[in-house]
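Peer 1: Take this structure first; my questions come after.
There are 2 protein chains.
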Amino acid sequence: MDKEVLHDNETLRPDEAGRPTLKTIAFMTGLGVTTVSRALKDAPEIGEETRRRVQLVARQVGYRPNRAGVRLRTGKTNVISLVLNTDEQIMSFVSDIIYGVSEVLAATPYHLIVTPYSHVQDPMDPVRYVVETGSADGIIISRTQPDDPRVRYMVERNFPFATHGRTETGLAHPFHDFDNHAFAVEAVRRLASLGRRRLALLTPPQGLTYHQHTVDGFADALSETGASEIPFNTVSIDHSMEQIRARTAQLMRRENRPDGFISSAGAATLALVAGIEDAGLKLGRDVDVVSKQSSPILHLFRPELHLINEDFRLAGRELARSVLGWIGGKSPQSLQSLSVPQEVEGSRAVGQ
Amino acid sequence: MDKEVLHDNETLRPDEAGRPTLKTIAFMTGLGVTTVSRALKDAPEIGEETRRRVQLVARQVGYRPNRAGVRLRTGKTNVISLVLNTDEQIMSFVSDIIYGVSEVLAATPYHLIVTPYSHVQDPMDPVRYVVETGSADGIIISRTQPDDPRVRYMVERNFPFATHGRTETGLAHPFHDFDNHAFAVEAVRRLASLGRRRLALLTPPQGLTYHQHTVDGFADALSETGASEIPFNTVSIDHSMEQIRARTAQLMRRENRPDGFISSAGAATLALVAGIEDAGLKLGRDVDVVSKQSSPILHLFRPELHLINEDFRLAGRELARSVLGWIGGKSPQSLQSLSVPQEVEGSRAVGQ
DNA sequence: CCAACAATCTGTAACGTTTCAGATGCTTGC
DNA sequence: GCAAGCATCTGAAACGTTACAGATTGTTGG
Numbered sequence: 012m013d014k015e016v017l018h019d020n021e022t023l024r025p026d027e028a029g030r031p032t033l034k035t036i037a038f039m040t041g042l043g044v045t046t047v048s049r050a051l052k053d054a055p056e057i058g059e060e061t062r063r064r065v066q067l068v069a070r071q072v073g074y075r076p077n078r079a080g081v082r083l084r085t086g087k088t089n090v091i092s093l094v095l096n097t098d099e100q101i102m103s104f105v106s107d108i109i110y111g112v113s114e115v116l117a118a119t120p121y122h123l124i125v126t127p128y129s130h131v132q133d134p135m136d137p138v139r140y141v142v143e144t145g146s147a148d149g150i151i152i153s154r155t156q157p158d159d160p161r162v163r164y165m166v167e168r169n170f171p172f173a174t175h176g177r178t179e180t181g182l183a184h185p186f187h188d189f190d191n192h193a194f195a196v197e198a199v200r201r202l203a204s205l206g207r208r209r210l211a212l213l214t215p216p217q218g219l220t221y222h223q224h225t226v227d228g229f230a231d232a233l234s235e236t237g238a239s240e241i242p243f244n245t246v247s248i249d250h251s252m253e254q255i256r257a258r259t260a261q262l263m264r265r266e267n268r269p270d271g272f273i274s275s276a277g278a279a280t281l282a283l284v285a286g287i288e289d290a291g292l293k294l295g296r297d298v299d300v301v302s303k304q305s306s307p308i309l310h311l312f313r314p315e316l317h318l319i320n321e322d323f324r325l326a327g328r329e330l331a332r333s334v335l336g337w338i339g340g341k342s343p344q345s346l347q348s349l350s351v352p353q354e355v356e357g358s359r360a361v362g363q
Numbered sequence: 012m013d014k015e016v017l018h019d020n021e022t023l024r025p026d027e028a029g030r031p032t033l034k035t036i037a038f039m040t041g042l043g044v045t046t047v048s049r050a051l052k053d054a055p056e057i058g059e060e061t062r063r064r065v066q067l068v069a070r071q072v073g074y075r076p077n078r079a080g081v082r083l084r085t086g087k088t089n090v091i092s093l094v095l096n097t098d099e100q101i102m103s104f105v106s107d108i109i110y111g112v113s114e115v116l117a118a119t120p121y122h123l124i125v126t127p128y129s130h131v132q133d134p135m136d137p138v139r140y141v142v143e144t145g146s147a148d149g150i151i152i153s154r155t156q157p158d159d160p161r162v163r164y165m166v167e168r169n170f171p172f173a174t175h176g177r178t179e180t181g182l183a184h185p186f187h188d189f190d191n192h193a194f195a196v197e198a199v200r201r202l203a204s205l206g207r208r209r210l211a212l213l214t215p216p217q218g219l220t221y222h223q224h225t226v227d228g229f230a231d232a233l234s235e236t237g238a239s240e241i242p243f244n245t246v247s248i249d250h251s252m253e254q255i256r257a258r259t260a261q262l263m264r265r266e267n268r269p270d271g272f273i274s275s276a277g278a279a280t281l282a283l284v285a286g287i288e289d290a291g292l293k294l295g296r297d298v299d300v301v302s303k304q305s306s307p308i309l310h311l312f313r314p315e316l317h318l319i320n321e322d323f324r325l326a327g328r329e330l331a332r333s334v335l336g337w338i339g340g341k342s343p344q345s346l347q348s349l350s351v352p353q354e355v356e357g358s359r360a361v362g363q
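Chain order of the listed sequences is R and H.
Numbered according to the working numbering, the first sequence spans residues 12 to 363.
Numbered according to the working numbering, the second sequence spans residues 12 to 363.
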């Protein structure tokens, strides 16, 4: 600290507008930039006093590592990419996921970047883009399929990711999923307990893993309760409100109409109920409906609805934790979680 | 192309797993990396044939500029930051904005990064962070206030941004706004035309610019139509569903209750209507409600509702275009837009 | 024929970071 | 007294890009 060699940094003017860099701190402390770099990340071969001195100065001048510098040198982007389908109709749950992810990332140096794709594209495109250009350290995807090509692709390349929903690839990868089997079972039981015997299921989109989970839960609970199924396969929650409404009305005007419905999405339930009422029937009297919801609003729509919450903010948090975990070296197997259907407050709540 | 000096790039192995860089293309074409760099951006001092040759090779090998390299060298991040408040209750509109922004950015090299903040923080924090660390080239903010400190901050630093909502700072900056004055006027007229004379307004949050716009439009149209106001200032659309519902019920049980409501948000309308019905009153008979909505769902909730659409996806697109415009050198004044209330399909639609 | 010029092309340096392979000085053991 | 070892520190090089200041041609005008 005395001999001050003053390495001839020709153009070095300490506080010249720009933000401080390692060089700035090196100059201020009289150390080399290598030493500063190592001191800041608590490397072992740095003296105790030096470390403290460097960290003090760094804090004082508000040093923040330049992301581009780090990224160029190390390849680490400190970015998580959330891949989203922009065709979703009513999608307040999307913001919930985003906020959940954000909550977790806030305590880290990670930024969240949203990578959208639409129906005109191969869902693989955004994933390929991120992996090939290395524009993120990890990816979160949703609308997961049993044999999801995106999952295969990323596993092959050993690229960290987490899926919202499970696969049946046999590949071990992080996921978070809502237990839709349990949801369907609880829903059927509820309807059965109300004396409903002819049940129809408004399913998740064909081809997604949780479609099958829901259908399986429905079937299992049907045989458990002895209720029967009224097929309702012409629409799914991916269809437009108009279509769901029309098909429901159509179904409800038939001879052998259902007396109980299970709906896999809150928005779809609005259309479903409208269809029921179009047919001149009344909720709670002629038919009961159990619905999933992601925002606590459906009880305002029709108090007769039976509701089960799916917490997407929680999903976002879990998914973020999972990718970070994988990036951090944890084993994929240890980063899988399942969320259980939540009882909704109020008299008509479903669940235990 | 004949003398092939083979610049001694010691460690250069063309196709060694990694993605192609300028160096790769330089090697393949036999040119210098400077030439390649310039050829790719159509610089003037590059021969026609060379340019074509370079661009052909670049396309063939799937060259994509390394973002970290560009960012480190030029300071350009090719990132737009969308700053969001995570405390919003029901926020399907958030995804709409995100998708709108994405749509526009998709055709550009820009990435979208979501920067959240919560009530515990100063709304200034995320803005300061982005500006100070230079982690984006432009910012989009919402929940704009008449004298918004974030706007002053960014204008002072000449940092490109766009606001969802206007300010009254006198500073020229890009914005997109929904014409809430017009919305309130149309809403009052509609209620007046239905013979409603005692109107209550469920306002946007106090402190935000569009609160005043709405209130002003309401007042203007009241004097135009001769209707009178029933004060309803104890809640705003930022309050919880429960609070809105309870206050509404309370209001509707009073002697001098309103016979018309204007609601500034779709989600709040659910609670508002619930409150009305809690008081034993009936929509369309005892009271009419005009509501804004951002998703076409409220007509399913109660067909008696009068609805006006606010298109948030459009807002997202406009906001994205605005920031990009400013970054691209256009004048802030030329990047301001206002969106007019949209008529909702169906018999009870409001608007022209 | 030569100077001047335009048209093309080029290497070097720099952005901020981390890794690598030392350098320096001080103890320690014998 | 000295080699070896340890504890600290260090500069150079590299990541991929662009700006700068030339270099190398061939062409033109006088």
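Where a beta carbon is used, it is the ideal one built from N, C-alpha and C, also for glycine.
Less than 8 Å between C-beta atoms, sequence neighbours within five positions excluded: which residues of the same chain meet that for H/SER274?
Peer 2: So the list reads LEU213, ILE248, THR280, LEU283, VAL300, VAL301, SER302, LYS303, once near-sequence residues are dropped.
Peer 1: Within 8 Å of any Cβ in chain H, is that where the Cβ of R/TYR164 sits?
Peer 2: Not one chain H Cβ lies under 8 Å of R/TYR164.
Peer 1: I need the straight-line Cα distance from H/GLU329 to H/ILE338, nearest angstrom please.
Peer 2: Near 14 Å, if we compare the C-alpha coordinates of H/ILE338 and H/GLU329.
Peer 1: What residues in its chain sit with their C-beta under 8 Å from that of R/SER348, if we drop five residues either side in the sequence?
Peer 2: Answer for R/SER348: PHE186, HIS187, ASP188, GLU329, SER333, listed in chain order.
Peer 1: By the criterion of Cβ-Cβ separation under 7 Å, what are the contact partners of R/ALA282 in chain H?
Peer 2: Under the 7 Å cutoff, chain H gives LEU311.
Peer 1: Can you give, in chain order, each stretch of the beta strand (DSSP E) that sits fully within the stretch 138-217 of chain R and has at least 3 residues?
Peer 2: Runs of the beta strand (DSSP E) inside the stretch 138-217 of chain R: 149-152, 172-175, 186-189, 209-213.
Peer 1: Determine the chain R residues that contact H/LEU123 at a beta-carbon separation under 9 Å, and present them in chain order.
Peer 2: Ordered by position in chain R, the residues that pass the 9 Å Cβ test against H/LEU123 are ILE124, VAL125, THR126, PRO127.
Peer 1: Against chain H, with Cβ distances strictly below 8 Å, would R/THR35 count as a contact?
Peer 2: No - not a single Cβ of chain H is within 8 Å of the one on R/THR35.
Peer 1: Among the candidates R/GLY295, R/ALA278, R/ALA260, R/SER251, whose CA atom is the shortest distance from the CA of R/GLY1?
Peer 2: Residue numbering for chain R in the displayed model covers 12 to 363; residue 1 of chain R lies beyond these limits and cannot be assessed.
Peer 1: Would you call the stretch 153-165 of chain R in contact with the stretch 132-143 of chain R, where contact means no fewer than 3 C-beta pairs closer than 8 Å?
Peer 2: A contact exists between the stretch 153-165 of chain R and the stretch 132-143 of chain R.
Peer 1: List the residues that DSSP assigns as beta-bridge partners of H/SER239.
Peer 2: Paired residue(s): H/ARG209.
Peer 1: Buried or exposed: where does R/THR245 fall if 16 or more other Cβ atoms within 10 Å of its Cβ makes it buried?
Peer 2: It is exposed - the Cβ of R/THR245 has fewer than 16 other Cβ atoms within 10 Å.
Peer 1: Determine the extent of the beta strand (DSSP E) in which H/GLN254 is found, giving its start and end residues.
Peer 2: Here H/GLN254 belongs to no beta strand (DSSP E); instead the alpha helix (DSSP H) covers 252-263.
Peer 1: Can the beta-carbon of R/ALA195 be found closer than 8 Å to that of R/ALA232?
Peer 2: Against a cut-off of 8 Å, the Cβ pair of R/ALA232 and R/ALA195 comes out as a contact.
Peer 1: Taking the CB atoms as reference points, tell me whether H/ILE109 and R/VAL125 lie closer together than 8 Å.
Peer 2: For H/ILE109 and R/VAL125, yes; Cβs fall inside 8 Å.
Peer 1: Can you grab the Cα-Cα spacing for the pair H/GLY29 / R/GLY181, in whole Å?
Peer 2: One C-alpha to the other measures close to 29 Å.
Peer 1: Would DSSP call H/THR35 helix, strand or coil?
Peer 2: Helix.
Peer 1: Closest to H/ASP158 by C-alpha separation, out of H/THR35, H/GLY176, H/PHE170, H/TYR74, would be which residue?
Peer 2: Nearest C-alpha to H/ASP158: H/GLY176.
Peer 1: To the nearest angstrom, how far is it from the Cα of R/GLU59 to the Cα of R/LEU51?
Peer 2: Cα-Cα distance, rounded: 12 Å.
Peer 1: Let me know if H/ASP148 comes out buried or exposed under the rule of 16 or more other beta-carbons within 10 Å of its beta-carbon.
Peer 2: So H/ASP148 counts as buried.
Peer 1: What did DSSP end up calling R/ILE91 once you bin it into helix, strand or coil?
Peer 2: The answer is strand: DSSP assigns R/ILE91 an E or B state.
Peer 1: Starting from H/ASP289, follow the alpha helix (DSSP H) in both directions and report where the run begins and ends.
Peer 2: H/ASP289 -> alpha helix (DSSP H) spans 277-289.
Peer 1: On the criterion of 16 or more Cβ atoms from any shown chain inside 10 Å, does H/ALA260 qualify as buried, or is it exposed?
Peer 2: Buried, by the Cβ-count rule.
Peer 1: In three-state terms, what does DSSP make of H/ILE308?
Peer 2: In this structure, H/ILE308 counts as coil in the three-state DSSP scheme.
Peer 1: Hey, out of R/ARG209, R/THR155, R/VAL65, R/MET39, whose CA is closest to R/HIS224's CA?
Peer 2: Out of R/ARG209, R/THR155, R/VAL65, R/MET39, R/THR155 has the C-alpha closest to the C-alpha of R/HIS224.
Peer 1: If the cut is a Cβ gap below 9 Å, which residues of chain H does R/MET252 touch?
Peer 2: Result: PRO307, ILE308, LEU311.
Peer 1: Have a look at R/PHE312 and H/PHE312 and give me their C-alpha separation to the nearest angstrom.
Peer 2: Roughly 6 Å between the two C-alpha positions.
Peer 1: Report the three-state DSSP secondary structure of R/GLN223 (helix, strand or coil).
Peer 2: Correct three-state label for R/GLN223: helix.
Peer 1: Could you give the distance in angstroms between the alpha-carbon of R/VAL226 and the alpha-carbon of H/THR85?
Peer 2: Their Cα atoms are separated by approximately 54 Å.
Peer 1: In whole angstroms, give me the CA-to-CA distance for R/ALA79 and R/GLU315.
Peer 2: Rounded to whole angstroms, R/ALA79 to R/GLU315 spans 55 Å at the Cα level.
Peer 1: Please list, in chain order, all residues of the same chain as R/PRO215 whose beta carbon is under 7 Å from its beta carbon, the five residues on each side excluded.
Peer 2: Around R/PRO215: TYR221, HIS222, THR225, SER247, ILE248, SER275.
Peer 1: Can you tell me whether H/ASP19 is buried or exposed? The criterion is at least 16 other CB atoms within 10 Å of its CB, across all chains shown.
Peer 2: At H/ASP19 the pLDDT is 37, less than 50, meaning the model places this residue with poor confidence; the figure from the coordinates comes in the next sentence. Exposed is the call here.
Peer 1: If you follow the alpha helix (DSSP H) that R/GLN132 is in, where does it begin and where does it stop?
Peer 2: No alpha helix (DSSP H) contains R/GLN132, which DSSP labels as neither H nor E.
Peer 1: Give the DSSP bridge partners of H/SER348, in chain order.
Peer 2: For H/SER348, which the question treats as bridged, DSSP gives the partners H/HIS187.
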